[in-house]
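Using the working numbering, the first residue of the sequence shown is number 3, and each one after it goes up by one.
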Amino acid sequence: MSKFNLSVLPKLSESSTASHLVFFADKQGNILGNAADALANTAHLERAQSLIKAANFKGDTNEVISDYALNSDNPAISVIGVGDTKNLVNNIKKLATTAYKTIKNSESAAIIWGDVICHKHFTWFSLALLNASYRFENHKSKKSDADTISTIAFINNKESENDYQDALTQVQATFVGQSLARDVANEAPNVLSPSALANEAQKLAQDYSDKVRVTVLGEEQMKELGMGCFLAVSQGSDEEGKLVVIEYFGKTAKSDSATLDNPIALVGKGITFDTGGISLKPAAGMEDMKYDMGGAAAMLGTTKAACEANLPLDMVTVLACAENMPSGHASRPGDIVTAMNGTTVEILNTDAEGRLVLCDALCYTQENYKPQVIIDSATLTGACVIALGSIRSAVYTNDEDTLFALESASDFTDDLVWQMPLDSAYDDQLKSTFADVQNIGGREAGSVTAACFLQRFIKDGQAWAHLDIAGTAWQSDIKGASGRPVPLLMQYLKAQSGK
Ligand code: BES
Ligand code: MN
Ligand code: ZN
């Protein structure tokens with residue numbers, strides 16, 4: 003939950019309590035958005051215009067000028083430059099960060115876009131503004147001072163756009179889920195073990211007890227189920243692997259005996275630390291492999307966002323949580339293990355562990371539910387980082403409707419995806435000499451062959467999409483978890499729920 007109250011209004015009233023007003027202006031020094039219509043008190047607008055003249059304002063992107071002549075009648079005024087208005091949309095998330103920095107130590111603020119931004123761009127702006135308030139300071143002895151801002155009003159009044167409130171509600175739920183995803187992915191790997199991640203999921207069952215049921219399977223139960231691929235990864239670690247199952251009853255009423263009705267299934271890779279195992283990774287940068295549970299983090303966060311927004315749909319979320327360590331118990335290159343569906347897998351590289359935990363999680367999901375669609379997300383391959391960087395997540399799917407729905411959600415949220423291929427010619431790279439399949443396909447097309455491996459565990463006719471988020475789950479610039487693709491998936495779910 004954001005620490006401040008948010009509202010969206012068509013007009014800032016005369017008696018508004020906002021102690022800080024934020025305007026946006028272009029390179030000509032014109033305030034955007036027909037601000038006269040957005041304010042009951044035009045004296046504020048005149049002050050902003052005088053400020054622009056007095057401060058030699060250039061209107062460059064993210065330039066900020068402020069006038070803090072503060073008394074009960076005179077709120078502080080800031081004007082933020084938007085640069086070339088043709089690029090306004092491209093800059094909107096940066097402008098949100100600038101706006102947040104400008105107001106964070108005021109009491110209350112009104113952000114005046116007036117009639118400039120539509121519903122969609124308002125969601126980008128407001129979510130980016132909320133994300134600008136995010137901090138992860140669990141392990142700092144001295145925390146930075148808390149921001150003082152307690153209420154923010156967005157003044158938006160574009161004609162024929164009456165659904166800003168709906169947008170804001172969705173954004174707030176998304177922010178709650180995205181923050182959880184960031185928190186768990188940022189957490190240190192000695193703290194966030196598979197059990198600790200399972201405990202985070204258990205909290206949903208407490209906080210949303212009328213809608214959520216959580217079941218956690220340990221290694222003994224997974225052995226009984228024949229999940230040999232999952233266990234081959236987990237066995238090298240002293241931390242017990244966990245398969246976390248979160249059932250969300252948003253359509254079917256929850257009761258002790260209730261079962262989900264053709265749920266949407268979300269499956270996440272939850273490797274709480276990936277050393278590579280016996281196929282050990284190089285030391286440099288290995289600390290980043292604490293976010294190798296970013297797929298599970300995003301699915302957990304999306305589930306929490308759906309709870310917050312009360313989405314009217316049935317959903318099951320399955321998190322495959324394990325630690326990939328080298329030890330005397332660890333799997334060797336050459337080991338052959340059997341997945342829950344009977345497929346034998348030759349492990350040629352123990353660092354290709356994500357697909358091993360996921361294949362059993364995918365089998366489990368299909369065995370126990372009749373999902374209308376399965377979406378998995380995983381920090382699966384370094385090759386995906388090379389292909390798409392941190393801009394777009396790779397999407398692989400066997401289903402056109404799901405592709406269209408994900409691409410629509412990608413456009414709407416700017417949490418972008420790009421379709422990648424699943425031709426059987428790529429799958430040929432996975433042929434094993436000694437077993438049904440091998441767990442690596444060689445250097446070429448590494449993200450594609452990883453997806454082909456997963457597809458082998460999808461039953462005929464089962465709609466499925468795989469998101470490789472190795473590049474997008476982490477923000478290298480701020481050295482922190484991005485919480486992607488929670489915005490994408492939350493928008494997807496909202497569209498599916500028809501809400
Ligand atoms: N977790 C890694 C993938 C990864 C790399 C995620 C960089 C985020 C940033 C995954 O388990 C892995 O090690 N994949 C190997 C597969 C290879 C052995 C076929 C890789 O990409 O090198
Ligand atoms: Mn690995
Ligand atoms: Zn990994």
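Don't be surprised by glycine CBs; every beta carbon is placed ideally from N, CA and C.
Short Cβ contact (9 angstroms threshold) for residue i with residue j
{"i": "residue 273", "j": "residue 301", "result": "no"}
{"i": "residue 486", "j": "residue 180", "result": "yes"}
{"i": "residue 278", "j": "residue 362", "result": "no"}
{"i": "residue 247", "j": "residue 227", "result": "no"}
{"i": "residue 82", "j": "residue 101", "result": "yes"}
{"i": "residue 85", "j": "residue 35", "result": "no"}
{"i": "residue 64", "j": "residue 11", "result": "no"}
{"i": "residue 206", "j": "residue 366", "result": "no"}
{"i": "residue 103", "j": "residue 264", "result": "no"}
{"i": "residue 67", "j": "residue 106", "result": "no"}
{"i": "residue 311", "j": "residue 496", "result": "yes"}
{"i": "residue 303", "j": "residue 131", "result": "no"}
{"i": "residue 94", "j": "residue 160", "result": "no"}
{"i": "residue 356", "j": "residue 271", "result": "yes"}
{"i": "residue 31", "j": "residue 13", "result": "no"}
{"i": "residue 507", "j": "residue 456", "result": "Since the first residue shown for the chain is 3 and the last is 501, residue 507 is missing from the structure and cannot be characterised."}
{"i": "residue 108", "j": "residue 148", "result": "no"}
Neighbour flag for residue i against chain D, beta carbons, 9 angstroms
{"i": "residue 452", "result": "Given the protein chain composition of this structure (a single chain), no chain D is represented."}
For residue j and residue i, the rounded distance between their alpha carbons
{"i": "residue 43", "j": "residue 15", "result": "7 angstroms"}
{"i": "residue 240", "j": "residue 459", "result": "28 angstroms"}
{"i": "residue 60", "j": "residue 28", "result": "8 angstroms"}
{"i": "residue 232", "j": "residue 340", "result": "10 angstroms"}
{"i": "residue 140", "j": "residue 275", "result": "19 angstroms"}
{"i": "residue 121", "j": "residue 170", "result": "9 angstroms"}
{"i": "residue 71", "j": "residue 51", "result": "15 angstroms"}
{"i": "residue 554", "j": "residue 124", "result": "Only positions 3 to 501 of the chain appear in the structure, and residue 554 is not among them; the question remains open."}
{"i": "residue 319", "j": "residue 331", "result": "29 angstroms"}
{"i": "residue 188", "j": "residue 288", "result": "14 angstroms"}
{"i": "residue 493", "j": "residue 41", "result": "32 angstroms"}
{"i": "residue 33", "j": "residue 136", "result": "29 angstroms"}
{"i": "residue 328", "j": "residue 80", "result": "55 angstroms"}
{"i": "residue 336", "j": "residue 353", "result": "13 angstroms"}
{"i": "residue 324", "j": "residue 217", "result": "16 angstroms"}
{"i": "residue 47", "j": "residue 38", "result": "7 angstroms"}
{"i": "residue 465", "j": "residue 428", "result": "20 angstroms"}
{"i": "residue 192", "j": "residue 284", "result": "19 angstroms"}
{"i": "residue 1", "j": "residue 138", "result": "Examination of residue 1 is not possible in this model, given that the chain is present from 3 through 501 alone."}
{"i": "residue 168", "j": "residue 501", "result": "10 angstroms"}
{"i": "residue 316", "j": "residue 249", "result": "8 angstroms"}
{"i": "residue 338", "j": "residue 435", "result": "11 angstroms"}
{"i": "residue 260", "j": "residue 407", "result": "28 angstroms"}
{"i": "residue 412", "j": "residue 75", "result": "43 angstroms"}
{"i": "residue 499", "j": "residue 313", "result": "7 angstroms"}
{"i": "residue 421", "j": "residue 17", "result": "51 angstroms"}
{"i": "residue 414", "j": "residue 127", "result": "12 angstroms"}
{"i": "residue 269", "j": "residue 343", "result": "17 angstroms"}
{"i": "residue 99", "j": "residue 133", "result": "8 angstroms"}
{"i": "residue 190", "j": "residue 223", "result": "27 angstroms"}
{"i": "residue 184", "j": "residue 165", "result": "28 angstroms"}
{"i": "residue 254", "j": "residue 416", "result": "31 angstroms"}
{"i": "residue 463", "j": "residue 399", "result": "12 angstroms"}
{"i": "residue 143", "j": "residue 7", "result": "28 angstroms"}
Distance between beta carbons of residue j and residue i, contact taken as under 8 angstroms
{"i": "residue 418", "j": "residue 393", "result": "6 angstroms"}
{"i": "residue 359", "j": "residue 235", "result": "5 angstroms"}
{"i": "residue 467", "j": "residue 401", "result": "7 angstroms"}
{"i": "residue 256", "j": "residue 209", "result": "About 14 angstroms separates the two Cβ atoms, so there is no contact after all."}
{"i": "residue 297", "j": "residue 379", "result": "4 angstroms"}
{"i": "residue 387", "j": "residue 176", "result": "Their Cβ separation, rounded to whole angstroms, is 25 angstroms, which puts residue 387 and residue 176 out of contact at 8 angstroms."}
{"i": "residue 374", "j": "residue 461", "result": "Incorrect: roughly 13 angstroms between the Cβ atoms, too far for contact."}
{"i": "residue 376", "j": "residue 267", "result": "4 angstroms"}
{"i": "residue 469", "j": "residue 397", "result": "6 angstroms"}
{"i": "residue 173", "j": "residue 129", "result": "5 angstroms"}
Check: residue i C-beta below 8 angstroms from any heavy atom of the ligand PLP
{"i": "residue 395", "result": "You won't find the ligand PLP in this model; what it holds is the ligand BES, the ligand MN and the ligand ZN."}
* Taking three-plus beta-carbon pairs below 8 angstroms as touching, is the segment 110-121 in contact with the segment 15-35? -> yes
* the segment 383-403 / the segment 440-453 touching (three or more Cβ pairs under 8 angstroms) -> yes
* Asked: Is the segment 429-444 close to the segment 341-350, with three or more CB pairs under 8 angstroms?
  -> yes
* Do the segment 281-296 and the segment 473-482 make contact, defined as three or more Cβ pairs closer than 8 angstroms? -> yes
* Could you tell me whether the segment 144-161 touches the segment 196-205, using the rule of 3 or more Cβ pairs below 8 angstroms? => Taking a cut-off of 8 angstroms on C-beta distances, the segment 144-161 does not touch the segment 196-205, as fewer than three cross pairs fall below it.
* **Contact set, the ligand ZN heavy atom to C-beta under 5 angstroms** => 273, 276, 294, 356
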